[in-house]
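Peer 1: I am attaching a structure below and will ask some questions about it afterwards.
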Amino acid sequence: MTEPQAAPVAATPATPATPIAPAAPAAPAPMILMRGIEKCFGPVQANQGASLEVCTGEVHALVGENGAGKSTLMRILAGLYAPDAGTVEVNGQNVTGWTTADAIAANVGMVHQHFMLVPTLTVAENVVLGREPKRGAAIDMARALLEVQELGRQFGLEVDARACVRDLSVGQAQRVEILKTLFRGARVLILDEPTAVLSPLEVRELWRVLRRLRDGGGTIVLITHKLDEVMDVTDQITVMRHGATVARMKTAETSPAEIARAMVGRDVVLAADIARGGPPNEHDTPALAAPRHPSAADTTDRVRSAPISATRAEAALEVQNLVVAGSNRPRAVDGVTFHVRAGEIYGIAGVEGNGQTELIEAIAGLRAAISGTILLGQRDITRASVRARVDAGLAHIPEDRHRRGLILEYPVEDNLILGLQHRFTRGSQLDRDSIARNAAEKIGRFDVRPPDAALPARALSGGNQQKVVIAREMGDRYTVLLASQPTRGVDVGAIEFIHAQLRAARDAGKAILLVSAELTEILALSDQVAVMYGGRIAGILRRGEASEETLGPLMTGAAGGSAGVAGGSLA
Amino acid sequence: MTATTPPVAASQGPPPSASVVAPSQTGAWRTRIEETLLPPLVALLVAVVAGDILILSFGQAPGAVYRLLLEGTWGNAYGFGQVLYKATTLVFTGLAVSFGLRAGLFNIGAEGQLAAGGFAAAVVGLLLPAGVPALLAVPVLMLAAALGGGAVGYVPGVLKARFGAHEVIVTIMLNFIVLALLNWIVAAKLHVPETLHTPQLKAGAVPRFADFITPFHGSAANVTFLIALVIATAVGWYLFRTRGGYELRATGLQPEAAEYGGVRVATVWVRTLALSGALAGLGGINYVLGYKHYYEEGFAGGAGFLGIAVALVGRNHPVGVVLAALFFATLSQGGLAIHALVPKQMVEVLQGIVILAVAAAVPEVRRVLRLSRGSADA
Amino acid sequence: MRLLDFLAQTIRIAVPYLFAAAGGVMAEKAGIVSLALEGFMLSGAFCAALGGFYTGSATVGVLSGIAGGLLFGLLHSVATIRYRADQIVVGIAINLLVVGLTRFFLRLAFDSSSNSPRVPGYTTEVSGGNALLGSFANPLVWMGLLVIPILTWVMYRTPFGLRVRAVGEHPQAAETLGVRVKRVRYVAVALSGVLAALGGVYLALDQHQFTDGMTAGRGFIALAAIIFGRWDPARAGIACLLFATAETLQIQLQGTQAIPSQFVQMIPYLLTIVALAGLVRRSVPPAALGRAE
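Line by line, the protein sequences are chains A, B and C. The working numbering applies: residue 1 is where the first sequence begins, and numbers increase by one. The working numbering applies: residue 572 is where the second sequence begins, and numbers increase by one. The working numbering applies: residue 950 is where the third sequence begins, and numbers increase by one.
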């Protein structure tokens, strides 16, 4: 928050990135011009001095780490939020503070990261909602169906207009989202992380549609943090960090490493390089950067850990033929077998929604296994309660700390015993003294700030909230740790801290199952990497073999040809 | 449909990261206290304004009416005794509703549970041989009342845990079913001829305050009030000092986090609704053991529904519940006192307005406070 | 003839349920929990009696009843939508408030604690004395029987209905398309107040007076019908007719002691619990029902 508003782009001095400045006088009037945007949500400053300039007929990437303020900025553009300060111009008109209806009327449409579809309505009803063709007082449904089908044909977005949205696949649902904007005549299309839940085939389809739209004179803003996508389809790039815009560049004149540098805000070495053990090589690491460790710890870790995992044969966690149902799929985990040894970090890579969440929840006891076995050491815990698993030595950093990992209204000290509350009792009463002692010790050891055990967890920053979870799960005796998206939504400093903790635990002989959507994180930490695709393990690679190049095909289902559908249907 | 669903999709919220200003501890406490105390005060203000309008519409002076209201309740021993009597039942039903709400469950069935508890106590009291000492009979009848109410509360608990049936609808519907069933049993099997009530208890009556404190003469206040205070203390102890309470509140705040923390959420639901029903059922002893010594059709008289108001105004805290119960009891006894000047029904209007105003003020106060704090800190 | 009498009586019992259920479906489809149907009905009944008494006109009575329902519908929507108050609590509070207000104004206007004087209604006397035809001389009966088909058309065929359904299932989705979620909800809840109030108006005009608490739980039977009908207007309407038939049977059988009346009274509530528990087929509410926004 104390960071100066326009963080110097000078972190990357010798680059062609243009400093943020008003458009050069000679340039044509931009389609979108946002300047000095500020937006607060209570104490959270989502945008501070954000700007964006997009010209007609370009595909523009808006990149930045999680929480950089990209979605907020685009929601302001789409009229969902009004900015606290700053101006928004579309097509030369000042439209600051407009409503969604105004934005739609001005042909600006947005496809949200979480689909904005009404599952109980049909495709046609979803598309025409708010702009229904009428015959008398009623909706002209025949015309609506016709128009939706016709629009689909025209843009290569074919989908059955009569189908109920509930029954569509994710890819089809996204087509409906795009159809919604096109039906309203959108000339400016904003897409928020559109590929997060798509299969590779669906991603290629999407790129085809976007190029067709651009070639037809449309303007597209693509929010993403995946640099390969940026390099693939975009013309221009705007980089955001901590709510502010920090760089603008032409895709043709930049490199992933340079973009990554701007995103993170300092000179970085891409984590993928560390994992590979080679020197930093900017041009074949098209992925999100992770910060470099100031020390040389990474290299020594790698050298030291390899023999450990080779010598310890005994599996601390073993999963055999596990089948688990998901919320929408009968076999979200479809016959998975693997084991994790003590002193090993076992990474699970894959596009989100390929069964990782269900796998972790089944191991943790939060989701019933349909068949298969889960062994913790020698003990079969397949049917054990959550508490029994904890007592047997299982620790779990859940993927969503706001939903599962913390009781946000509870004070930090009460959160530091969640799941362990039965160990802090005297009779049926909670033992307040030992709870306080536990809190003081963990807060000090894991550097939770502010160091105030009575503060509700809600009042902590994301990074410190995650430290509370980690202090609780890694602060006591355990043998196996499930770490699911352990660094999601936390700041760079906390990422380094968490990675160091995971490495230290591995070196202390713990078995760690790491699930992360960030391939770089997986590559930087794991001794072995399994790739999940369509609820199955598409391949297992050892540290030396795992790389972007070898994992990529497995993640996209291109290798092995194993069946299954990536993604899933609507949540 | 629930009162406790977290505020809609995460997609609408602010991005998870960015910088968060951590308020100081004293700031956090002050916010919490203000969030708790301001809504009832706002509601009281609204109610007074509404009351003034009603009084004026009847051509009376508000000051005189309020003076009469206070004199007729806290101003003399009889009136005060009646306030205590009416508050007693409300403490039980208010605790019942609060207890459920702490676990994220809205028990609207306190009315039926109260009736069932009173009925069970009355029936067991009939079965006991005459002359059983009170020290034995009273606990037995209390247990019967708790079991009677608890059985009614258990049903929505099981239906929710097993089938996901929403407890609000089930408890509403059960009210009608239970009351109809009890009416039928009393009418068909148990009533004293020419009345709608059962015969008197053979044993287990509790003494009235008037038995030791003469000025209370004529009022129905009885030892059950003290029992209510003990039960309120026990509920507070359970909620805030025990592991069960820790898990119950966690379930109410974030069921998925509770599940992650090893809590069997479905079990907590069943247990909480059964205990909530038991608390409401215990309220039946105030009438059956302390006042009339029989069960009568319609004795609950809306005290179950008013329990929702008590829980709401008392902010789901046992201390607040006792105070709110006294407040609502004062209003309803005060209605009788002011009847000479304005219709006693005025207090029913005020009760409705207080509930409405608190319900509206709770989220509003929180919003305003968080807004002002946010901007002050930023 | 017995059959016609039976039908006529069933219809007369069903009309208030049909109005209230229609109102409840409207509000709940828009995502607002509708526990205040009872209060809306009672307010409609009282205002109808008040208006009818002072003007001597049944039509003015109907209009007054509509105004009363509108007033409390708006109160409900301001509390739940503007102030985001808990919808369940607001529903209960309005029920209590209306009971208190009708009693208070019963004293103020008619100086009675139990009932109003006789008020005008619609004639049900028809030459020939056929009870069924007689019922249809009352325009409110017609309206009551038509309200469900009309509501079905509105909900499934008009832009407003589409928006109501969208707002009750996924308000954010509707909002991103420029649908004014709050406005749709305001209108739906206000209309729900009016529709339910018409049920009360019918009761007051049919009995030619207002009596204290005359709706006697009918709002909750309508709620039961909505849930039993799985939030679909047509099915809810059928549930109303079903409940009314059971009630008529019970009245016809009274005196024969075949089934205690209390057991017949339980039927709607028992069926609702059965439907909610999914023992026959699961009744699933609109997804955004009960959420502040």
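Each residue gets a CB set at the ideal place from its N, CA and C atoms; glycine is no exception.
(1) Per DSSP, residue 373/A is paired with what?
(2) I think residue 845/B touches residue 834/B, with their Cβ atoms under 8 Å apart; what is that distance to the nearest whole Å?
(3) In whole angstroms, give me the CA-to-CA distance for residue 986/C and residue 1133/C.
(4) Of all the options 919/B, 939/B, 850/B, 914/B, which has the alpha carbon lying nearest to the alpha carbon of residue 661/B?
(5) Hey, is the stretch 89 to 99 of chain A in contact with the stretch 167 to 182 of chain A, meaning 3+ C-beta pairs nearer than 8 Å?
(6) Could you please give the first and the last residue of the uninterrupted beta strand (DSSP E) stretch that includes residue 33/A?
(7) Which residues share a DSSP beta bridge with residue 338/A?
(8) With 16 other CB atoms within 10 Å as the buried threshold, where does residue 1315/C fall?
(9) Report, in whole angstroms, the separation of the C-beta atoms of residue 1100/C and residue 129/A, which I expect to be a contact under 8 Å.
(10) Tell me, to the nearest whole angstrom, how far the beta carbon of residue 230/A is from that of residue 259/A; I am working on the premise that it is less than 8 Å.
(11) Could you pull out every unbroken alpha helix (DSSP H) segment of at least 4 residues lying fully inside the stretch 116 to 154 of chain A, listed in chain order?
(12) Assuming the contact rule is C-beta atoms closer than 8 Å, residue 723/B and residue 745/B should be a hit. Round their C-beta distance to whole Å, please.
(13) Could you tell me whether the Cβ of residue 818/B comes closer than 9 Å to any Cβ of chain A?
(14) Put residue 55/A into one of helix, strand or coil per three-state DSSP.
(15) Would you list the one or two residues that DSSP bridges to residue 430/A?
(16) Please report the distance separating the alpha-carbon of residue 297/A from that of residue 345/A.
(17) By how many angstroms is the C-alpha of residue 359/A removed from the C-alpha of residue 572/A?
(18) Could you tell me whether the stretch 699 to 717 of chain B touches the stretch 637 to 645 of chain B, using the rule of 3 or more Cβ pairs below 8 Å?
(19) Can you pull the DSSP bridge partners for residue 236/A?
(20) Between residue 34/A and the rest of its own chain, which residues show a CB-CB distance below 8 Å, the 5 nearest in sequence each way excluded?
(21) May I ask which residues mark the beginning and end of the beta strand (DSSP E) holding residue 536/A?
(22) Report yes or no: is there a C-beta of chain A within less than 9 Å of the C-beta of residue 666/B?
(23) Counting only beta-carbon atoms, is residue 1094/C nearer than 9 Å to chain B?
(24) On the DSSP letters alone, give me the boundaries of the alpha helix (DSSP H) that residue 474/A sits inside.
(25) Is residue 430/A near residue 817/B, with beta carbons less than 9 Å apart?
(26) In the DSSP assignment, find the unbroken beta strand (DSSP E) run with residue 499/A in it and report its ends.
(27) If contact is defined by three or more beta carbon pairs under 8 Å, each pair taking one atom from either stretch, is the stretch 870 to 883 of chain B in contact with the stretch 705 to 722 of chain B?
(28) Determine the chain B residues that contact residue 398/A at a beta-carbon separation under 7 Å, and present them in chain order.
(29) Using three-state DSSP, classify residue 381/A as helix, strand or coil.
(30) Which residues of the stretch 382 to 406 of chain A have a Cβ closer than 8 Å to any Cβ of chain B? Give them in chain order.
(31) Taking CB distances under 9 Å as the criterion, tell me whether residue 1108/C reaches chain A.
(32) Measuring only the C-alpha atoms, how far is residue 976/C from residue 118/A?
(33) Please classify residue 1233/C as buried or exposed, where buried requires at least 16 other C-beta atoms within 10 Å of its C-beta.
(34) According to DSSP, simplified to helix, strand and coil, what is residue 392/A?
(35) What residue range does the alpha helix (DSSP H) around residue 830/B cover?
(36) Skipping 5 residues on each side, what residues in its chain have a beta carbon closer than 8 Å to that of residue 1001/C?
Peer 2: So, from the data block:
(1) Position 373 of the first sequence, counted from the first residue, corresponds to residue 373/A. According to DSSP, which records beta bridges pairwise, residue 373/A is partnered with 320/A.
(2) Residue mapping note: residue 845/B aligns to position 274 of the second sequence, counting from 1. Residue mapping note: residue 834/B aligns to position 263 of the second sequence, counting from 1. Contact doesn't hold; Cβ gap of about 17 Å is too wide.
(3) As a position in the third sequence, residue 986/C is number 37, starting the count at 1. As a position in the third sequence, residue 1133/C is number 184, starting the count at 1. A direct Cα-Cα distance of roughly 19 Å separates residue 986/C from residue 1133/C.
(4) Within the second sequence, the letter at position 90 stands for residue 661/B. The shortest C-alpha separation from residue 661/B is found at 850/B.
(5) By the Cβ rule, the stretch 89 to 99 of chain A does not count as touching the stretch 167 to 182 of chain A, because fewer than three pairs are nearer than 8 Å.
(6) Within the first sequence, the letter at position 33 stands for residue 33/A. Looking at the DSSP string, the run of the beta strand (DSSP E) that includes residue 33/A is 32 to 41.
(7) Taking the first sequence and counting its residues from 1, the one referred to as residue 338/A is at position 338. Answer by DSSP bridge pairing, in chain order: 319/A.
(8) There is no way to answer for residue 1315/C, as the model of chain C reaches only from 950 to 1242.
(9) Residue numbering aside, residue 1100/C sits at position 151 when the third sequence is read from its first letter. Residue numbering aside, residue 129/A sits at position 129 when the first sequence is read from its first letter. Approximately 20 Å separates the beta-carbon atoms of residue 1100/C and residue 129/A; this is outside 8 Å, ruling out the contact.
(10) Start at 1 with the first residue of the first sequence, and residue 230/A comes out as number 230. Start at 1 with the first residue of the first sequence, and residue 259/A comes out as number 259. Residue 230/A to residue 259/A, Cβ: 7 Å. Contact.
(11) Restricted to the stretch 116 to 154 of chain A, the alpha helix (DSSP H) segments that are unbroken, complete and at least 4 residues in length are 123 to 128, listed in chain order.
(12) Mapped onto the second sequence, residue 723/B falls at position 152. Mapped onto the second sequence, residue 745/B falls at position 174. Between residue 723/B and residue 745/B, the beta carbon gap of about 6 Å places them in contact (Cβ cut-off 8 Å).
(13) Taking the first residue of the second sequence as position 1, residue 818/B is located at position 247. Output row for residue 818/B: interface = yes.
(14) Taking the first residue of the first sequence as position 1, residue 55/A is located at position 55. It is coil, neither helix nor strand.
(15) Here residue 430/A refers to the residue found at position 430 when the first sequence is read from its first residue. 425/A.
(16) Taking the first residue of the first sequence as 1, we reach residue 297/A at position 297. Taking the first residue of the first sequence as 1, we reach residue 345/A at position 345. Model confidence at residue 297/A stands at a pLDDT of 38, short of 50, so the residue's coordinates are unreliable and nothing is read from them.
(17) Lying outside 1 to 571, the shown extent of chain A, residue 572/A is not represented and no answer is given.
(18) Segments in contact, no.
(19) In the first sequence, the residue the question calls residue 236/A occupies position 236. Bridge partners of residue 236/A: 60/A, 250/A.
(20) Residue numbering aside, residue 34/A sits at position 34 when the first sequence is read from its first letter. Here the set comprises 50, 51, 52, 53, 73, 76, 77, 86, 87, 88, 89.
(21) On the first sequence, position 536 is the one that residue 536/A refers to. Bounds of the beta strand (DSSP E) holding residue 536/A are 536 to 542.
(22) Your numbering for residue 666/B matches position 95 in the second sequence. It does not; no Cβ of chain A falls within 9 Å.
(23) By 1-based counting over the third sequence, the position of residue 1094/C is 145. Taking Cβ atoms only, chain B never reaches closer than 9 Å to residue 1094/C, which makes this a no.
(24) The count along the first sequence starts at 1 and reaches residue 474/A at position 474. Start and end: 462 to 474.
(25) By 1-based counting over the first sequence, the position of residue 430/A is 430. By 1-based counting over the second sequence, the position of residue 817/B is 246. The answer is yes: Cβ separation under 9 Å.
(26) Taking the first residue of the first sequence as 1, we reach residue 499/A at position 499. DSSP places residue 499/A outside any beta strand (DSSP E); the residue lies instead in the alpha helix (DSSP H), whose first and last residues are 492 to 507.
(27) Taking 8 Å as the limit for Cβ pairs, the verdict is that the stretch 870 to 883 of chain B does not touch the stretch 705 to 722 of chain B.
(28) Along the first sequence, read from residue 1 onward, the residue named residue 398/A stands at position 398. Here the neighbours are 831.
(29) Counting from 1 along the first sequence, the entry for residue 381/A is found at position 381. Three-state DSSP puts residue 381/A in coil, outside helix and strand.
(30) Identification of residues in the stretch 382 to 406 of chain A having a C-beta nearer than 8 Å to some C-beta of chain B yields 385, 386, 387, 390, 396, 398, 402, 403, 404, 405, 406, given in sequence order.
(31) The residue given as residue 1108/C occupies position 159 in the third sequence. Closer than 9 Å to some Cβ of chain A, the Cβ of residue 1108/C qualifies, so yes.
(32) Numbered from its first residue, the third sequence carries residue 976/C at position 27. Numbered from its first residue, the first sequence carries residue 118/A at position 118. When rounded, the distance between both Cα atoms is 18 Å.
(33) As a position in the third sequence, residue 1233/C is number 284, starting the count at 1. Exposed, since its Cβ has fewer than 16 Cβ neighbours within 10 Å.
(34) As a first step, residue 392/A must be located in the first sequence, where it is residue number 392. Reduced to three states, the DSSP call for residue 392/A is coil.
(35) Locating residue 830/B in the second sequence gives position 259, where the first residue counts as 1. Per DSSP, the unbroken alpha helix (DSSP H) holding residue 830/B starts and ends at 826 to 831.
(36) One-based indexing of the third sequence puts residue 1001/C at position 52. Only 1007, 1009, 1010, 1013, 1068, 1069, 1070, 1153, 1154 meet the Cβ criterion.
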